[in-house]
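The listed protein sequences derive, respectively, from chains A, B and C.
Take any residue in the first sequence, note its place counting from 1, add 760, and you have its number in this note's numbering.
Take any residue in the second sequence, note its place counting from 1, add 268, and you have its number in this note's numbering.
Take any residue in the third sequence, note its place counting from 1, add 700, and you have its number in this note's numbering.
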Amino acid sequence: MHQKVLEMKNIEKSFSGTHALRGINFDLELGEVHALLGENGAGKSTLIKILGGIHRPDSGTIVISGTEVKMENVHAAQKHGIGIIHQEIVLVPYLSVAANIFLGREPLNRFGLKDINLINSRATEMVRELGLNLDVRKPVVELTIAQQQMVEIIKAISFNVKILVMDEPTSSLSEEEVDKLFEIIGRLKKADVSIIYISHRMEELFKISDRITVIRDGTYVGTKKTTETKHDELVSMMVGRSLKNFYTRTECEIGEVVLAVDKLTKNGVFKNVSFQVRSGEILGFSGLIGSGRSEIMTAIFGGIPFDNGDVYLQNKKVRIRSTKQATDFGIGMVPEDRKKQGLMLNNTVGFNLTLASLKYLAKGFLVSTSKKKNVIQKYLQDLRIKTSSADALVSSLSGGNQQKVVLGKWLATKPKLLILDEPTRGVDVGAKSEIYAIINQLASEGIAIILVSSELPEIINMSDSVCVVRNGQIVKQLGRTELTQENIMLYATGGGIA
Amino acid sequence: MKKNEKFSNSMAVDVVRSNLGIIAVLLLIGIALSLLSDVFLTYDNLISVFRQISNNMYLALGMTLVMILGGIDLSVGSIVAMCGTLTVGLMVTNGVPMVLAISLGLLIGTAAGFINGMLVAMFRVPSFIVTLSMMNVAKGIAYVYSGGRSTRIMNSSFNVIGTGYIGFLPLPILYMIIMIVIFSILLNYSKFGTYIFAVGGNRESAHLSGVPIKKVEIIVFTIAGFLAAFAGIILSSRMYSGQPSVGEGYELDAIAACVLGGVSMSGGVGRISGTIFGVMVIGIISNGLNLMNVSSYWQLIVKGFIIMIAVLIDTQKGRQNFVTKLLARKY
Amino acid sequence: MLKKVLAITACLILLVSLMAGCAASATTSTAAATEAATTTAAAEGKTYSFAFLPNTQNNTFQSAMNDTFKKLAEEKGYNYVCLDPDYDVNMQLNQMADVANQKFDAVFVIPVDSAGIRQGLEGLKAKNIPVINVDTPVIDADLELVKTVIATDCFMAGELIGQQLVKDLPEGGDIAILDFPENESCVDRVNGFLKGLGDNANKYKIVAQQNGKAALDASLPIAEDILQANPNLKAFFAINDPSAMGAAAAIKASGKTGVGVYSIDASPDGKAALLDGTFTAVAAQVPIEIAKTAFQKAIDLLEGKTIEPEIFLPSHLMTKEEATATAGQWQ
């Protein structure tokens, strides 16, 4: 009935003995968006890498537009019209937008030098075609993450792609930017580009996809039409059991004020920020990316200086000048980008877990190995961190477990206040649920928690109240009963202010 | 025609703007020296300065490519010694004709660079280690071949290479200008130049974009080896002898010039124009201090401080950019 | 596939060149061992064993001494060994310990570091092996541990060259000095030179005195700058031949004529420079004389004669006749 542009049948692949994929089936129709869903480690990226010619399958066939093909390498995949937008943006930071788009296939002028004018003019055309406004001569490093993502898309489709793979394209985009992305996906569909869409954000799949295929532990679970399935069904397909109480939030006893911030201002970044958070309370911070929420948190944590305003900790005025002081005062912060800011990827799980709390483990000048071991064991168990041992490299862990290590690192400092900036970004559903349970547990132990998140369902379900930040100011603090997606977006985008 | 004019105009503006920090340092030192020494700004002295910096320029051009690629080449100083010694030795000791001896000298240096590139590209050995080994090997070859002795050469056609003139222009300066032109075009207007930035900026991305990363790495190190061999032959011609002991610390001068000129130690960033100014700053400092008869021990201290200050100015400038960028992103 | 082959070839080349380096140094040490064996010819009278511990062998000066010792030992049928520490004090100390354990009858030493070999000297003294300190004296505090110091009279060499300069330029003028203050003997040469100017000293203006590091490539740019700063310069005095060659190359590059070059050494290269007019005058160092004297004094000592604690062999001005007669050698 519909024309199939891609069929992958019975794809199997193992790496040094372990089965990564056991008989995966996947097909793609002309102009459809087919979502691929599965927890981290389920085999999605392996499947995509096979399609992209980076890995070769042990067995199984790939059929493109009716003919069986072999994907020998990246070039072969490109020749067959396959373009991949990787989860982590892979552009060359100091090259211009245009140079990045044409990297590896620069048109040359009659002197055999690259034709800069042609490159720039064609890149400008492509940018316009997608309805974007961007100076193609700007170095990529000066663009926002969202703009970089757009450049990736332009680069991918400029290869005349018929099949476009998008791996977690929205993980670092704001709501507004996601809408823009979906608009572009709509245009691509009309141009008969078929899209394989990978995301953990369920609500997006319902907005954008036509069909959803779920895989689990390298096996094919099933394919559903998006209109005929529901959130709960997909989740139970993914985890193999039905997840009740995805968000764990029990009523906690709200105690004394732990942190009060009064008219905190950093010129040009944020202004007159005032709020307070009590022990046992989870205070949400919402706002578009770039609204200044992360900067406010970094300032409170002593990471960047501020110009005006006061910070009170347990009713005492303090001036935090460095992150070291902040930890001394009992503040912990799980930063936004765990790979860049939260972890030493080339070090072990144990090293990372105890990095922030070494002073509690020290006997004089030396660190007590036995105490250190105990702490590591405690948090490996408490947080159910899945790792082969405490000596495994953090980089070998899945995203969810890495995030738990960052959490554990701060819990080991016995904080009174914990700032969580996007604690579940890039974490799969099962681990997300576990992290929510941990957050809930911490609140019930009397820790004051600030939760910064772009994911509205998360912030609505977990927070006691939510500060909405726009242009560096708290435009509204919403109480529990007022928490709806519409309400938050209204204030975040400026609609709620007369 | 008009378009061309505009093009060159904007390029000049661009060169000045992107090198503001180092140009300020250069002007400052220049003004200070012309006040302190009435010889400094004479035509003869400036020609002499440019002839002196030509050697470091050859090396620094190659180093710029290597450092943009994200690597470092510690072997160039030793390759200078090896190729100078071998070329002169082949002519004087072994009676090889000049053209052949020079070709062999260039070939051997190029081969050393090629081996550096192979080891870096194929086995992913850090270039620091690879070129450190090559530094020892090349130096060793120079000493083994010469028995540690310098070889004097009075072949006038060979000596012309390094000491001759074309009109008023000393040949080493002419070579320098030609190389600057070639390398500016290579880096800014050729496909290959873009690839160097791409590999240094994000190796993975370059790979996924179909850039032949290994080829790029090998070629860049090979170019650096060739330039070092070239520098070695010109230097031996200028010295009327092949000396195995030369070249000590040349690689550090080249690296310093690149860093002064804004080449990033971590790769992906750099400009030929910046490197040129960097080489000039380093050359002019020692020339000026020599003119004023400052003791070489004090020269070391002054040089160190000036490099430190220049780099500070540069990073400060960078930081400002970073802050403005950060603020620009907010609103 | 091709790439792999290339990569492996590159590795092999590197490995082979590495081994070649090792092999070369291995041959020198075995060569030393065989020297010891072959010179053990039976001879009437007593057969002595001598060892020569220079600071390096990478220099014609030291190898001329080694050749002389070897020849003398062969004539007498003595054992003779030469051990090269290549400017490494620690290695020289090890070699001194080895020599002490092997019961040599006398040892000739050029210290790598005048102040750094006391430990080795004490070890030799404990075994009652007499030490004859040649060329570069140990520091005064360690003189008690050596039987005698035999060296060229560097002060005299400087004085001779100073007097020659006065003869050549009786009207006076601007002169420049390329020195090397790290080395005691080079300091003596400069002091001798200043004394040699004698009563006429006030006619000469020392417009620049810089550290030429006793090396050609370091002296060249410094000499160039000095020439720029001092257009009326009449002469360079350099403390050794390589440094003087640097000055000569700088003069040639500047196109100036009538600037004299005065040096000390009269090495084979220096003689060639004197003959072709590059050097104006050069005072001789006498390594062969040092070696001959040291050899004889060692025999005297072993035969129970007393010897002077310091023997400074006179230097002389190298004449063109002598330079022609001894071209390619030391004196």
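The beta carbon of each residue, even a glycine, is placed where N, CA and C say it ideally should be.
Beta-carbon gap between residue i and residue j smaller than 8 Å
| i | j | result |
| --- | --- | --- |
| C/Lys847 | C/Pro830 | yes |
| A/Tyr1072 | A/Ala1020 | yes |
| A/Ala858 | A/Ile879 | yes |
| A/Ala795 | A/Ile972 | yes |
| B/Asn427 | C/Gln910 | no |
| A/Ile876 | A/Met926 | no |
| A/Ile1219 | A/Gly1044 | yes |
| C/Pro942 | B/Ser554 | no |
| B/Met422 | C/Asp976 | yes |
| C/Leu927 | C/Ser885 | no |
| B/Gly330 | B/Val348 | no |
| C/Ala751 | C/Val807 | yes |
| A/Val1226 | A/Ser954 | no |
| B/Ile370 | B/Ile491 | no |
| C/Phe936 | C/Ala947 | yes |
| A/Val1189 | A/Val995 | yes |
| C/Ile990 | C/Asp813 | no |
| C/Gly862 | C/Gly892 | yes |
| A/His815 | B/Gly478 | no |
Span of the beta strand (DSSP E) around residue i
| i | result |
| --- | --- |
| A/Thr979 | 979 to 985 |
| C/Ala981 | 981 to 984 |
| A/Leu1178 | 1177 to 1181 |
| A/Val1228 | 1225 to 1230 |
| A/Val793 | 793 to 797 |
| A/Val1071 | 1068 to 1073 |
| A/Arg888 | Element bounds for A/Arg888: not the beta strand (DSSP E) but the alpha helix (DSSP H), 876 to 889. |
| A/Phe1061 | Segment: none, A/Phe1061 is in no beta strand (DSSP E) and carries neither H nor E. |
Among the options, the one whose alpha carbon lies nearest that of residue i
| i | options | result |
| --- | --- | --- |
| C/Ser919 | C/Ile906, C/Ala938, C/Val907, C/Lys903 | C/Ala938 |
| A/Glu937 | A/Ala906, A/His840, A/Thr1147, A/Met926 | A/Ala906 |
| C/Ala773 | C/Leu793, C/Cys886, C/Gly892, C/Asp805 | C/Asp805 |
| C/Asp888 | C/Asn902, C/Ala851, C/Glu871 | C/Ala851 |
| B/Asp229 | B/Tyr413, B/Ala300, B/Arg417, B/Asn456 | Residue 229 of chain B is absent from the model: chain B starts at 269 and stops at 599. |
| A/Glu1016 | A/Asn1200, A/Val1037, A/Glu912, A/Phe1030 | A/Val1037 |
| A/Asn1231 | A/Asp952, A/Ser1051, A/Ser918 | A/Ser1051 |
| C/Ala915 | B/Gly435, B/Gly289, B/Ser534, B/Gly510 | B/Gly510 |
| A/Gln1245 | A/Val1228, A/Met910, A/Ile1234 | A/Val1228 |
| C/Leu1017 | C/Leu865, C/Glu1010, C/Asn902 | C/Leu865 |
| A/Gly1090 | A/Ala837, A/Ser881, A/Ala1116, A/Val1165 | A/Ala1116 |
| B/Gly339 | B/Ile550, B/Ser541, B/Val405, B/Asn470 | B/Asn470 |
| B/Met335 | B/Ser564, B/Ile291, B/Gly556, B/Val484 | B/Val484 |
Any non-hydrogen atom of the ligand PLP within 7 Å of residue i CB
| i | result |
| --- | --- |
| A/Val1018 | The ligand PLP is not part of this structure, which contains no ligands at all. |
Span of the alpha helix (DSSP H), counted from its first residue to its last, around residue i
| i | result |
| --- | --- |
| B/Val405 | 395 to 414 |
| C/Cys782 | C/Cys782 -> not in any alpha helix (DSSP H); beta strand (DSSP E) instead, spanning 779 to 782. |
| B/Ile299 | 288 to 304 |
| B/Thr462 | 459 to 469 |
| B/Asn323 | 311 to 336 |
| B/Asn427 | 424 to 431 |
Closer than 8 Å to chain D by CB, residue i
| i | result |
| --- | --- |
| B/Leu476 | Of the protein chains in this structure, namely A, B and C, none is chain D. |
Chain B contacts made by the region 868 to 899 of chain A, where a contact means CB separation under 8 Å = Leu868, Gly872, Leu873, Lys874, Ile876
query = Does the pairing of the region 307 to 327 of chain B with the region 441 to 457 of chain B give three or more beta-carbon distances under 8 Å?
reply = yes
Members of the region 833 to 861 of chain A that neighbour chain B once the beta carbon cut-off is set at 9 Å = Val834, His835, Gln838, Ile844, His846, Glu848, Ile849, Val850, Leu851, Val852, Pro853, Tyr854, Leu855, Ala859, Asn860
key: Residues, ordered as in the chain, of the region 906 to 935 of chain A that lie near chain B by beta-carbon distance below 9 Å   = Lys915
request  = For the region 920 to 933 of chain C, enumerate the residues whose C-beta is nearer than 7 Å to any C-beta of chain B, in chain order.
outcome  = Leu920, Pro921, Ile922, Glu924, Asp925, Ile926, Gln928, Ala929
Residues of the region 454 to 473 of chain B with Cβ closer than 7 Å to any Cβ of chain A, in chain order = Tyr457, Ser458, Lys459, Thr462, Phe465, Ala466, Gly469, Asn470, Glu472, Ser473
ask   = Within the chosen definition, does the region 1050 to 1069 of chain A reach the region 1141 to 1148 of chain A through at least 3 CB pairs nearer than 8 Å?
value = no
ask   = If contact means a Cβ-Cβ distance below 8 Å, which residues of the region 488 to 509 of chain B contact chain C?
value = Leu503, Arg506, Met507, Tyr508, Ser509
query = What residues in the region 553 to 572 of chain B bring their beta carbon closer than 8 Å to a beta carbon of chain C?
reply = Ser554, Asn555, Asn558, Leu559, Met560, Asn561, Ser563, Ser564, Tyr565
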